[in-house]
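The structure under discussion appears below in the form of C-alpha cells.
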Amino acid sequence: MRIAMWSGPRNLSTAMMYSFGARPDFTIMDEPFYAAYLRATGVNHPMRDEILQAQESDATTVAQACLAPQTTPHVYMKHMPHHMVDGFPLDWAAQCVNIHLIRHPARVIASYSAKWDDLTLEQIGFVQQSALYDQLGGVVIDSFDIRQNPEKALRRLCSAVDLPFDPAMLRWPAGPRTEDGVWAAHWYGAVHRSTGFAGAEGPLPEVDAKHRDILEHALPHYEKMRAAVLD
Numbered sequence: 224m225r226i227a228m229w230s231g232p233r234n235l236s237t238a239m240m241y242s243f244g245a246r247p248d249f250t251i252m253d254e255p256f257y258a259a260y261l262r263a264t265g266v267n268h269p270m271r272d273e274i275l276q277a278q279e280s281d282a283t284t285v286a287q288a289c290l291a292p293q294t295t296p297h298v299y300m301k302h303m304p305h306h307m308v309d310g311f312p313l314d315w316a317a318q319c320v321n322i323h324l325i326r327h328p329a330r331v332i333a334s335y336s337a338k339w340d341d342l343t344l345e346q347i348g349f350v351q352q353s354a355l356y357d358q359l360g361g362v363v364i365d366s367f368d369i370r371q372n373p374e375k376a377l378r379r380l381c382s383a384v385d386l387p388f389d390p391a392m393l394r395w396p397a398g399p400r401t402e403d404g405v406w407a408a409h410w411y412g413a414v415h416r417s418t419g420f421a422g423a424e425g426p427l428p429e430v431d432a433k434h435r436d437i438l439e440h441a442l443p444h445y446e447k448m449r450a451a452v453l454d
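Under our numbering, read the sequence shown as residues 224 to 454, first letter to last.
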C-alpha cells in the first residue's frame with residue numbers, strides 16, 4: 224500500500240507522519256515535492272537554500288521516486304497540496320491510497336503565522352487541497368477528531384483503507400527522525416518534543432485582522448471537505 228497523505232501546513236501532518244513511521248511496516252517520505260515547488264515558484268520559504276541543496280528538485284524525478292520499490296510492505300508520503308504546481312505530474316497518485324487531512328483554517332492561520340508572518344491563502348493550501356480532492360477522491364479526516372480520540376480515529380482510518388491497526392501508531396520516541404526533511408529544524412520543534420498526539424483542541428483562536436480575508440476564503444473549502452469526513 225502507498226498512502227499519499229495530503230494536508231496543508233500546521234495541520235497535524237508531521238505527527239501523523241510520525242504515527243505511521245512508528246509502524247515497522249512503513250517507509251516514510253517527508254514532503255518529497257518541497258524542493259521542486261520552491262524551484263518552480265521562487266517562493267522564499269525559511270531554509271529555502273538548504274532545502275534546494277538537500278532534496279531532489281526535478282518534479283518528474285520526484286514523481287518516479289514516489290512509486291519506487293521499497294524494502295517495507297507499505298509507503299507513507301506526507302504531501303502538501305500547494306506543492307503540486309501546475310504542470311507537475313500527478314498520474315502517480317492514481318496508484319496510491321489518497322487521504323486528505325484537514326484542520327479548521329482559523330487554527331492553521333494562528334499556528335502558521337506564529338512561525339512565519341508572511342502568510343497567504345496559497346501557502347496554507349485549502350484551495351489546492353479542495354481541487355485535489357475533487358480530482359483524486361479518497362478519504363477525508365479532520366485533525367480535530369484525531370486529537371479528540373487518537374486511537375478511535377486511527378482505527379477508523381485504518382479500517383477505511385483496509386490496513387490493520389497497529390497500537391504503535393499512538394506513541395513515538397521524542398526527538399527528530401531520520402526521515403525528517405531538512406526543514407525540520409525550523410518547523411518540527413513541537414513534534415520533536417512530543418511522544419504522541421497532543422490532547423483535544425480548545426476553542427477556535429481569534430484570527431488577527433490582517434489574516435481574516437484569508438480565513439474567509441479558506442473556510443468554504445474546509446467546510447466542503449469537512450462534510451466528507453470519514454464517519
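Positions of the beta carbon are idealized from the N, C-alpha and C atoms, including for glycine.
On a predicted model such as this, the values are computed, not experimentally measured, just so you know.
*May I ask you to list the residues that DSSP assigns as paired with Tyr-356?*
In the DSSP output, where bridge partners are listed per residue, Tyr-356 has none listed.
*Bridge-paired residues (DSSP) for His-302*: Trp-229
*asked:* According to DSSP, simplified to helix, strand and coil, what is Phe-420?
replied: coil
*Quickly, what does DSSP pair Met-252 with across the bridge? List them, please.*
Per the DSSP secondary-structure output, Met-252 pairs in a beta bridge with Met-300.
*Where does the unbroken beta strand (DSSP E) through Val-308 begin, and where does it stop?*
For Val-308, there is no enclosing beta strand (DSSP E), as DSSP marks it with neither H nor E.
*Opposite Asn-321 in the DSSP bridges: which residues?*
Ala-227
*Take the Cβ of Leu-427 as the centre, count every other Cβ of all protein chains shown within 10 Å, and call the residue buried at 16 or more, exposed below.*
Per the 10 Å Cβ criterion, exposed.
*Best match in Thr-283, Ile-322 and Ala-259 for proximity to Leu-275 [C-alpha to C-alpha]*: Ala-259
_Do Met-228 and Met-239 have their beta-carbon atoms positioned less than 8 Å apart in this structure?_
Yes.
_Taking the straight line between their C-alpha atoms, what separation do you get for His-444 and Gly-231?_
12 Å
*Are the region 280-290 and the region 325-339 in contact at 8 Å, needing three or more beta carbon pairs?*
no
*With a cut-off of 8 Å on the beta carbons, I'd call Pro-304 and Gln-352 a contact; round off their distance for me.*
Right, the Cβ-Cβ distance comes to about 4 Å (below 8 Å), so this counts as a contact.
_Three-state secondary structure (DSSP) of Asp-272_ = Under the three-state reduction of DSSP, Asp-272 is assigned to helix.
*What residues are listed by DSSP as bridge partners for Val-463?*
The structure shown does not extend to residue 463, since the chain is modelled only from 224 through 454, so no value can be given for it.
*The alpha helix (DSSP H) enclosing Glu-345, as first and last residue numbers*: 344-347
*asked:* Could you check whether Thr-295 and Asp-368 sit closer than 8 Å to each other, using their CB atoms as the reference points?
replied: no
_According to DSSP, simplified to helix, strand and coil, what is Trp-315?_
Trp-315: helix per DSSP, three-state reduction.
*Take Met-392 and list the residues in its own chain whose beta-carbon comes closer than 7 Å to its own, dropping the five residues that flank it on each side.*
Listed in chain order, the non-local C-beta contacts of Met-392 below 7 Å within the same chain comprise Ser-242, Phe-243, Ala-245, Arg-246 and Leu-377, local neighbours out to five positions each way being set aside.
*Is the beta carbon of Gln-278 sitting closer than 8 Å to the one on Tyr-257?*
yes
_C-alpha distance - Leu-261 paired with Asn-267, whole-angstrom precision_ = 8 Å
*Could you tell me if Arg-233 is buried or exposed, where buried requires 16 or more neighbouring beta carbons within 10 angstroms of its beta carbon?*
Sixteen is the threshold: when 16 or more other Cβ atoms of the shown chains lie within 10 Å of the Cβ of Arg-233, as they do, the residue is buried.
*asked:* Please tell me whether Ser-366 and Leu-453 are closer than 8 Å, where the distance is taken between their beta carbons.
replied: no
*Secondary structure at Leu-442, three-state DSSP: helix, strand or coil?*
helix
*Does the distance from the CB of Phe-420 to the CB of Arg-370 come in under 8 Å?*
yes
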